[in-house]
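Read through the structure below, which is laid out as structure tokens, and then see the notes.
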Amino acid sequence: MQAHNWTEIGKTGILENHKISDKLLKTALAKCVVLPFCQDYGIGLGKNQGEYVNLMHVKALPLPTSARLEEDERIPIDKLQFGNRVFRVAPYGRGVEYTELAEDLSKFKPSNTVQKRLMEQAEQVLDTEAANAFKNPQDVKICFTPTSLTGGTFTTDGTPGAVAPVGLTFHHCRRLSGYLRDTIHAKPWERNYYTGLGAYAVIASLQEDRNWVLPHLYLQKGSFWWEGEMGMTDRIRWVEVNRTQAFSNTSGTSTALGEAVVFGDEAVALIEVVTWHLRADENYQNDFGRTKAAAWYGIMAFGSVWDTANDGEAKIIRVASL
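In this note's numbering, the protein residues as written are 193 to 514.
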């Protein structure tokens, strides 16, 4: 990966390379596990439009006891109800410096290595930001805590209801999918399946169950095999997030339960003002170009689409322990 074809931002001396960063972005996104489950709602927020974004959503229409009409009866008219979530966009980025001397004398050019390492860092940072949006107790109100091998408790205030003495099991998954389907009526993420993201401890616990289904047994022709997808339990396709910064192998004070979320459609939104890209400063320390630096940078926001536990609105259940 060569460091060339940089273009200058105005007359600041800072360079951008969207050609290289676009390749980095595609490569990084392919390795991300959580970020692909954030949805872009096409707001198209651009520069000079403020730091707050309003994401409007329409609440579900009420279901009448009967929609049958008499011959002379007028069609009843329902009114749309709107919900609103305010997101604050923020800049994200990190950089690394290297010297012109190292660039001139090293067999392996630091500028090339720097770009690769920045890509890896951006991948993990953005994936963690996405995971935090799925787990934010201020916005994701519904929690499920296993209290036995078959039982558990739901809470709707963002705080788990107990200390989990056991890990997640197939019976718990049946309750989770039932709650999504029948209590809050969340639309599945894809076809008839909900999605679960969990730490290694969660997936390992589920794999011990005889009802665990491997992906090749339920994926149909043309279906996507998600990065990290391990299997399915009762209409929940599980993806392992094997990075503790995103999903920890312990939850609260429990030593038996790891962090996990189960969700349907309209779970977490990703708002991008400036898509992350690479930048380079050829004279980072104003020392006649002897010290250089490269960085990745973007302006964006992550957050759950809904911040209530209401039927027809909430889309995410956190699996968590006190």
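Each residue gets a CB set at the ideal place from its N, CA and C atoms; glycine is no exception.
Computed from a predicted structure; not experimentally measured.
- Tyr-392: member of the alpha helix (DSSP H) spanning 392 to 399, first to last residue.
- For Asn-434, the closest C-alpha among the options Gly-390, Leu-470 and Leu-293 is that of Gly-390.
- A straight-line Cα-Cα distance of about 28 Å links Val-226 and Gly-343.
- Cα atoms of Asp-457 and Phe-480: separation of roughly 53 Å, rounded to the nearest angstrom.
- Boundaries of the beta strand (DSSP E) harbouring Arg-429: 428 to 432, taken from the DSSP string.
- By DSSP's assignment, Thr-291 forms a beta bridge with Thr-483.
- The way I'd put it, the stretch 347 to 356 doesn't touch the stretch 379 to 387; fewer than three beta-carbon pairs between them come closer than 8 Å.
- Pairing Trp-430 with Ala-314 gives a Cβ-Cβ distance that is not under 7 Å.
- The residue among Pro-256, Glu-451, Ser-258 and Leu-261 with its C-alpha nearest the C-alpha of Val-358 is Glu-451.
- Scanning Val-245, Arg-471 and Arg-366 for the CA closest to the CA of Val-497 turns up Val-245.
- Per DSSP, Leu-368 is one residue of the alpha helix (DSSP H) stretching across 362 to 370.
- The beta carbon of Val-306 sits closer than 7 Å to the beta carbons of Val-288, Tyr-290 and Ala-486 from its chain, once the five residues preceding and following it are set aside; these are given in chain order.
- Asn-276: member of the beta strand (DSSP E) spanning 274 to 280, first to last residue.
- With contacts defined as CB atoms closer than 7 Å, Ile-508 and Ala-459 qualify as a contacting pair.
- With contacts defined by Cβ atoms closer than 7 Å, Gly-444 and Leu-514 form a contacting pair.
- When only Cα atoms are considered, Asp-319 and Ala-438 end up about 7 Å apart.
- Scanning its chain for C-beta atoms nearer than 6 Å, with the 5 sequence neighbours on each side dropped, one finds around Glu-464 the residues Met-492, in chain order.
- In terms of Cα proximity to Thr-347, the closest of Asp-232, Val-332 and Ile-269 is Val-332.
- The continuous beta strand (DSSP E) containing Asn-246 extends over residues 244 to 250.
- Counting only the Cα atoms, Gly-285 lies some 21 Å from Asn-478.
- Going by DSSP, Ala-452 is part of the beta strand (DSSP E) stretching over 452 to 455.
- Thr-361 counts as buried, since at least 16 other C-beta atoms from the protein chains shown sit within 10 angstroms of its C-beta.
- Lys-413 is classed as exposed because its beta carbon has fewer than 16 other beta carbons within 10 Å across all chains shown.
- For the pair Gly-423 and Val-405, the CB atoms are nearer than the 7 Å cut-off.
- In this chain, the beta strand (DSSP E) harbouring Cys-335 covers 335 to 338.
- Tyr-410 sits exposed, since fewer than 16 C-beta atoms from the chains shown fall within 10 Å of its C-beta.
- When DSSP states are grouped into helix, strand and coil, Glu-315 belongs to the helix group.
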